[in-house]
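In my numbering, the protein residues as written are 557 to 600.
For reference, the structure discussed in these notes is given below.
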């Protein structure tokens with residue numbers, strides 16, 4: 557299991573990362589809002 561430092565002393569398993577995206581595009585903004593509404597967003 558490889559751990560990735562995500563800042564502020566936090567680590568996450570690389571197998572748990574789905575995507576690293578810029579939140580500036582309209583499709584990503586829609587996805588972020590949908591996931592936030594479902595309570596599944598981990599916003600670091």
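Don't be surprised by glycine CBs; every beta carbon is placed ideally from N, CA and C.
Since we're looking at a predicted model, the values are computed, not measured.
Practice item. Inspect the beta-carbon positions of residue 597 and residue 588 and report whether they are closer than 9 Å. Key: Taking the first residue of the chain shown as position 1, residue 597 is located at position 41. Taking the first residue of the chain shown as position 1, residue 588 is located at position 32. With contacts defined as CB atoms closer than 9 Å, residue 597 and residue 588 qualify as a contacting pair.
Exercise for review: Tell me where the alpha helix (DSSP H) around residue 588 begins and ends.
Suggested key: For this step, residue 588 is matched to residue 32 along the chain shown. Segment 582-594, the alpha helix (DSSP H) holding residue 588.
Check your understanding: Quick one: what's got a C-beta closer than 6 Å to residue 558's C-beta in the same chain, skipping five residues either side?
Key -> As a working note, residue 558 is residue 2 in the chain shown. Residues 570 of the same chain have their beta carbon placed closer than 6 Å to that of residue 558, with the five preceding and five following residues left out of the count.
Review point. Does the distance from the CB of residue 560 to the CB of residue 567 come in under 9 Å?
Key: Here residue 560 refers to the residue found at position 4 when the chain shown is read from its first residue. Here residue 567 refers to the residue found at position 11 when the chain shown is read from its first residue. Cβ atoms of residue 560 and residue 567: closer than 9 Å.
Point to revise | Simplified DSSP state of residue 578, which is helix, strand or coil | key: Here residue 578 refers to the residue found at position 22 when the chain shown is read from its first residue. Of the three classes helix, strand and coil, the one that applies to residue 578 here is coil, per DSSP.
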